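**Q**
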Amino acid sequence: MTFRRACGLSELEEDTPKRVELDGTPVSIVQTEGEVFAIHDICSHANVSLAEGEVDDCHIECWLHGSRFDLRSGKPDALPATRPVPVYPVKIEGDDVLVSLTQES
Ligand code: FES
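Residue numbers for the sequence shown follow the working numbering, so the first one is 1 and each next one is one higher.
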């Protein structure tokens, strides 16, 4: 599993997603509830960025139609989205947030 630096830990604000691109793949990095998560930054319902949505209770909400995706699994828990969004493994090394584009679930 290859990890790449996505951003600095100190660049993240609690509950404020940060959009990055790794090898051309858009990824939203989210620090919340004492953990850092990486989720594919395209909603599974339509082609919009999840990083523009709100974070609450370990979920990210799509701003367009309100589907909520679990940051741990990528699964939606509210319609209209029915398909999960890929989530990616994260490692923290010092101030570096490292992400592997290998899909976790
Ligand atoms: S585009 Fe995200 S829920 Fe519709």
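We put the beta carbon where it would ideally sit given N, CA and C, even for glycine.
It should be emphasised that the depicted structure is a prediction, and the values quoted were computed from it without experimental measurement.
From Ala6, Arg68, Val27, Gly8, pick the residue whose C-alpha is nearest to that of Glu54; which is it?
**A** That would be Arg68, whose Cα lies nearest to the Cα of Glu54.
**Q** Please state whether DSSP places Leu12 in a helix, a strand or coil.
**A** Of the three classes helix, strand and coil, the one that applies to Leu12 here is coil, per DSSP.
**Q** When you compare the CB positions of Val85 and Ile39, do they come within less than 7 Å of one another, or not?
**A** For Val85 and Ile39, yes; Cβs fall inside 7 Å.
**Q** For the stretch 40–78, which segments carrying the alpha helix (DSSP H) assignment without a break, of at least 4 residues, lie completely within its bounds, in sequence order?
**A** Here no run is fully enclosed.
**Q** Can you tell me where the beta strand (DSSP E) holding Glu21 begins and where it ends?
**A** Looking at the DSSP string, the run of the beta strand (DSSP E) that includes Glu21 is 18–22.
**Q** Indicate, with yes or no, if the ligand FES has a heavy atom lying under 6 Å from the CB of Val87.
**A** False, no ligand heavy atom lies under 6 Å from that Cβ.
**Q** Considering only DSSP beta bridges, list what Thr32 is partnered with.
**A** Answer is Glu35.
**Q** Which residue wins for smallest C-alpha separation from Asp96, given the options Met1, Arg72, Phe3, Leu9?
**A** When each option's Cα is compared against that of Asp96, the closest is Leu9.
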